[in-house]
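Asks: Dumping the structure here so I can ask a few things about it.
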Amino acid sequence: MWWEWTSVFVFFALSVPRLEATTPGSITCKDQSGRNVDWFVMYKLPKMQASRENFLTPKGGEFVYVDSNTPKTAQTWALSNQDVFDEDNPVAYTLNPLLRPPQDILYVVYNDQTPPGYNGTRNGHCKGVVLFDSGTGVWLLHSVPRFMESIGNGRYSFPESGRENAQLLMCVTFRSSEMDAIGKHLRMEYANVYASASPRNLLDRHPQMGLLFKESFIRGRGQDLLVQNMTTSGGRRFLSVAKRSILEQDIYSGILTGLVRDDLVVQSWRNGAGDKLPANCSRSYTVTHSDLVKLSLPDRRSITFKTEEDHSKWAVAVDRPVFCIGSMNRMESQLRRGGEAVCVDDSLLAKLFRKSAIVNTGCSLNGGRQTSASTPTPPSGTRRSRSAQPRKRTTRTSTTTTSGTTKPSLRQFLMDVAISTLSQLTNPQERKPASRRSRKPSTTTELPLMVQFRNLLKS
């Protein structure tokens, strides 16, 4: 698999509504018809003015959709005939158990922007819903402020404040064995949990969740990043990444590029206070920002909107078939916040998001030095072509010991360990042909690296 690591943590509030019982394994992500799916992605459209470029004028409730049952050969998004504000849509179907929570389910609702009537704040810049019974559960990651608020009142609602801008929601179905991984992830990023409840037996069986409910977050100077393998109910491998605020790095250029081993194009909200992070062209792998989002639809139709109208956070690899949903914005202020990303090797998602990103400002080579360069906006319906010039890869830094020998810094060594395990992707049959950056996976170095890693921790 293309990931693996070690350590580090998050949070909880408590409000306990009532009743009923679920059948173990009944909590899963639901599609547009209410059927079980392993995962789905919904891209909610912003409220927009009429334009010639778009074949419809979104009112802010429309969304495009893709899920684990969508054919890998699909070339476009599917525009749903449902509305995210109505009670008939995948999110509403999935979260239905929260409308009248049974006593035998665990739920955790976290958001750095809580709905009216809820208190509490934490440093983690992240939003999501976790919902489990003793058999399976869902993790809904999203970018919607003040969602969700209708917990236990019997009625689904989507915040009206979420109408103006585009938003992204991704639901993933997991077995209950992954509950602790999610709990530890939330503890690491210091998620702002404002509503939660659980039967005692689930907390006893899943100690990381138990610690989250006790508001016991991960502490310690050396524990600032957590990278974990997770397997969905359908067997798909995901990678979860959580960072603490003390790790003052851009999660995209400082962490994800090293794990994915590819250039990234990022979409994030950059309308807040403070300075925007520029395109990162000085590292081995570059990070550029999408300027426009163009969602391709069947019959050569499309919907295009500016990044200023898009509150979603996501990243897609330029060459590798990797997509990540994130929670962090590429802003200076976000470096000092906890946050998350969840990535998957999926050729369909990578293809759709790669096609959706229109990049006007990228990176080029200037006398061997990578710099930021601006190119004109491409004509409607086209994407800026990336330079085919070979890159100069920077060498990794190291530190010198008192004995005069050179060894990697601890953080760099940990990153190298993680990178060395990225070799086997989820579906080898879906992998693209070897590109200029691909290297034959090395299995011989994994064991020595892990042995060295354990020895390093002992020293």
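Mind the numbering: the sequence shown is residues -21 to -1, 1 to 438 in mature numbering (1 follows the signal peptide of the UniProt record, and there is no 0), read in order. Beta carbons: idealized from backbone N, C-alpha and C, even for Gly.
1) Check each candidate in 182, 144, 294 and 102 and name the one with the smallest Cα separation from residue 28.
2) Taking all protein chains shown into account, do 16 or more other C-beta atoms lie within 10 angstroms of the C-beta of residue 95, making it buried, or fewer, making it exposed?
3) Can you tell me where the beta strand (DSSP E) with residue 280 in it begins and where it stops?
4) Report the residue ranges of all beta strand (DSSP E) runs contained in full by the stretch 245 to 320; include only those spanning at least 3 residues, in chain order.
5) Decide if residue 170 is buried, meaning its Cβ has at least 16 other Cβ atoms within 10 Å, or exposed.
6) Where does residue 324 fall in DSSP's three states?
7) Starting from residue 235, follow the alpha helix (DSSP H) in both directions and report where the run begins and ends.
8) Is residue 122 helix, strand or coil by DSSP?
9) Check whether the stretch 156 to 164 touches the stretch 184 to 194, taking contact to mean three or more Cβ pairs, one atom from each stretch, closer than 8 Å.
10) Specify the secondary structure class of residue 381 as computed by DSSP and reduced to three states.
11) So, for residue 79: in the same chain, excluding its five sequence neighbours on each side, which residues have a beta-carbon less than 6 Å away from its beta-carbon?
12) Please report the distance separating the alpha-carbon of residue 105 from that of residue 311.
13) With 16 other CB atoms within 10 Å as the buried threshold, where does residue 41 fall?
14) Could you work out which residue in 225, 53 and 89 is closest to residue 175 when comparing CA atoms only?
15) Given this structure, state the Cα-to-Cα distance separating residue 272 from residue 327, to the nearest angstrom.
16) Note the first and the last residue of the continuous beta strand (DSSP E) segment covering residue 111.
17) When you compare only the Cα positions, how much space is there between residue 315 and residue 67?
18) DSSP puts residue 145 in a beta bridge; with which residues?
19) Considering residue 137, what are the terminal residues of the alpha helix (DSSP H) in which it resides?
20) Specify whether the stretch 290 to 309 and the stretch 216 to 235 touch according to this definition: at least 3 beta carbon pairs, one from each stretch, less than 8 Å apart.
21) Mark residue 12 as exposed unless 16 or more other C-beta atoms lie within 10 angstroms of its C-beta, in which case mark it buried.
22) Let me know the secondary structure DSSP gives residue 207 once reduced to three states.
23) Please state the DSSP three-state secondary structure of residue 241.
24) Please tell me whether residue 247 and residue 56 are closer than 8 Å, where the distance is taken between their beta carbons.
25) Taking the C-alpha atoms as reference points, what is the distance between residue 135 and residue 127?
26) Near residue 123, which residues of its chain fall below 6 Å by C-beta distance, leaving aside the five closest residues on each side in sequence?
27) Using the Cα positions of residue 334 and residue 183, report the straight-line distance between them to the nearest angstrom.
28) List, from N- to C-terminal side, the alpha helix (DSSP H) runs of 4 residues or more that fit wholly inside the stretch 161 to 234.
29) Which value, in whole angstroms, describes the spacing of the CA atoms of residue 262 and residue 250?
30) Kindly indicate which residue of 177, 268, 166 and 338 has the alpha-carbon position closest to the one of residue 220.
31) I need the straight-line Cα distance from residue 209 to residue 321, nearest angstrom please.
32) Would you check if the distance between the CB atom of residue 43 and the CB atom of residue 59 is smaller than 8 Å?
33) Taking the alpha carbon of residue 293 as the point to measure from, which residue in 73, 156, 331 and 101 has its own alpha carbon closest?
34) Taking buried to mean at least 16 other C-beta atoms within 10 Å of its own C-beta, is residue 101 buried or exposed?
35) So, is residue 193 buried or exposed, given that buried needs 16 or more other C-beta atoms within 10 angstroms?
36) State the Cα-Cα distance for the pair residue 222 and residue 256, rounded to the nearest angstrom.
Replies: Considering the structure as presented:
1) 144
2) exposed
3) 280 to 285
4) 266 to 268, 271 to 276, 280 to 285, 293 to 296 and 301 to 305
5) buried
6) strand
7) Neither: residue 235 is in no alpha helix (DSSP H) and is coded neither H nor E.
8) coil
9) yes
10) Unreliable positioning characterises residue 381 in this predicted model, as indicated by a pLDDT of 35, which lies under 50. A coordinate reading is not provided.
11) 133
12) 16 Å
13) buried
14) 89
15) 17 Å
16) 106 to 111
17) 38 Å
18) 289
19) From DSSP, residue 137 is part of no alpha helix (DSSP H); its letter is neither H nor E.
20) yes
21) exposed
22) strand
23) coil
24) no
25) 9 Å
26) 141 and 146
27) 45 Å
28) 179 to 184 and 186 to 192
29) 25 Å
30) 166
31) 10 Å
32) yes
33) 331
34) buried
35) exposed
36) 18 Å
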